[in-house]
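Numbers 11 to 343, taken from our numbering, label the letters of the sequence shown in order.
For every residue, glycine included, the Cβ atom is placed at its ideal position computed from N, Cα and C.
What follows is a single structure, written as structure tokens, with notes after it.
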Amino acid sequence: MTSESRTSVEVTTEQQSSHSSKDKDLSSESRARARAIANRDLKPALFFLAPALVGCAVFVVYPLISAIVLSLTDFNGITPPEFVGIENFRRLFTTDPSFISSLKATGYLVLLYVPLSIILGLLLALFVNVRLPAVSFVRTILYLPAVLPIVATVTLWKFIFDPQVGLANQIIGALGLPEQQWLSNSATAMPSIVLVMLWGIGSTMVIMLAALQAVPREIYEAAMIDGSGSIRMFFQITLPSIVPILILQFVMQLNAAMQTFVQPRILTQGGPGWDTTTLMLSIYDHAFPTMGRIPELGFATAQVWVLFAIVVAVLAVSARFMKIWKYDDAVQY
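What follows is the structure, encoded as structure tokens:
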């Protein structure tokens, strides 16, 4: 390398060092300016966020920590809690028959209610998605039970299922069928509860209807030009296009079914036996028992954590499946 070349390289190196030093100075200055702005805005931000932070700490964090501690104690709400470790959780799966029965009842309800709610909601949405006379009125009538007070609705259904004067037995009696003990028979008690839950399926219908109306009409027009029938268009266009909504509805209905409380509480009180004692009803019965029984708040809280773990596991699996699904791959037509 000649002396001129070495000189040129040294000059270039010095220039690069100079630029790098300037960049570092500017970067340091920018970071310092950003920290100053952040420090300046921190106090006003904390001032406005303080009510929300306090509310979160009081109504979310504190109850959560208290529930964890309470599930490890024997506490009746009157005497001081006694620490028992994991005894409540061991009792759940070994010596307490009501918890296993409530798990079976909840699983039966989920298997019966979730598929029926999705299928019925989709069928109703398809029915009101066509151009019918007074279709808006029909949609309103179908959606109306979803906005009625749930306690009033369930109480009305209790009269309908009354074996002596209820409308249900009058209808099947007119058809020549034998009368049923709807709410006191093990074979009909849980299906009756599911029927009452399906009465409020209007909200699912509305969500399904919105999904159906979001499918591009051009796809249907192209299919009709190719001579596709209604059934083929449903399975190759409609159904794949609304799969994300179906998954969302599955998650929502599953979550609702696993936390069912009002319907069995009013209709059957958990009977006959423990056939309709759901997890939520079991938790309530242990925390707020009838007269003559001692509250078991620690044991009830342990059941809450088991229910929480089940719900979180199911939602995690569902969320994973939703990430895998891609709308672009939905329409195969």
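Going by DSSP, what residues sit across from residue i in a beta bridge?
i     : result
ASP84 : GLU92
Would you mind working out which of the options sits nearest residue i, comparing C-alpha positions?
i      : options                        : result
ALA224 : PRO250, VAL157, ILE129, ALA199 : PRO250
GLN263 : ILE293, SER127, ILE320, LEU133 : SER127
PRO201 : VAL120, ILE47, LEU185          : VAL120
VAL79  : ARG141, PRO61, ALA310          : ALA310
GLN269 : MET332, ASP51, THR116, SER111  : THR116
ILE229 : ILE241, MET218, GLN246, MET215 : GLN246
PHE260 : LEU177, THR104, LEU130, GLN279 : LEU130
VAL135 : ILE304, LEU219, TRP284, SER238 : Before going further, note that residue 135 is Ala rather than Val in the sequence given. The option with the nearest alpha carbon to ALA135 is LEU219.
ASN195 : PHE93, GLN279, LEU317          : GLN279
Taking the alpha-carbon positions, what's the residue i to residue j distance?
i      : j      : result
GLN174 : GLY183 : 12 angstroms
CYS66  : PHE85  : 26 angstroms
ASN179 : VAL206 : 16 angstroms
GLY95  : ALA312 : 11 angstroms
ALA48  : SER40  : 12 angstroms
LYS53  : VAL68  : 22 angstroms
GLY87  : PHE58  : 37 angstroms
GLY212 : ILE276 : 22 angstroms
ALA266 : MET290 : 11 angstroms
LYS333 : LEU132 : 23 angstroms
ARG227 : ARG330 : 30 angstroms
TYR343 : VAL272 : Because the pLDDT at TYR343 is just 49, under 50, the model does not fix this residue reliably, and the point stays unresolved.
How would you write the range of the alpha helix (DSSP H) that residue i sits in, first residue to last?
i      : result
ASN265 : 253-268
MET301 : That residue, MET301, is in no alpha helix (DSSP H); it is neither H nor E in DSSP.
ALA274 : Ala is not the amino acid found at residue 274; the sequence shown has Pro there. Where PRO274 is concerned, the enclosing alpha helix (DSSP H) stretches over 272-277.
PRO179 : The question names Pro, yet the displayed sequence has Asn at residue 179. Element bounds for ASN179: 177-184.
ASN139 : Here ASN139 belongs to no alpha helix (DSSP H), and DSSP marks it neither H nor E.
ILE217 : 212-223
ASN98  : 97-104
THR150 : 145-157
With a threshold of 7 angstroms (Cβ to nearest heavy atom), would residue i be considered close to the ligand NAP?
i      : result
ILE110 : In the structure on display, the ligand NAP does not appear, and there are no ligands present to speak of.
My guess is that residue i and residue j are in contact by the Cβ rule of under 8 angstroms, so how many angstroms apart are they, rounded?
i      : j      : result
LEU152 : VAL140 : So it is not a contact: roughly 14 angstroms between Cβ atoms.
LEU82  : PHE93  : 6 angstroms
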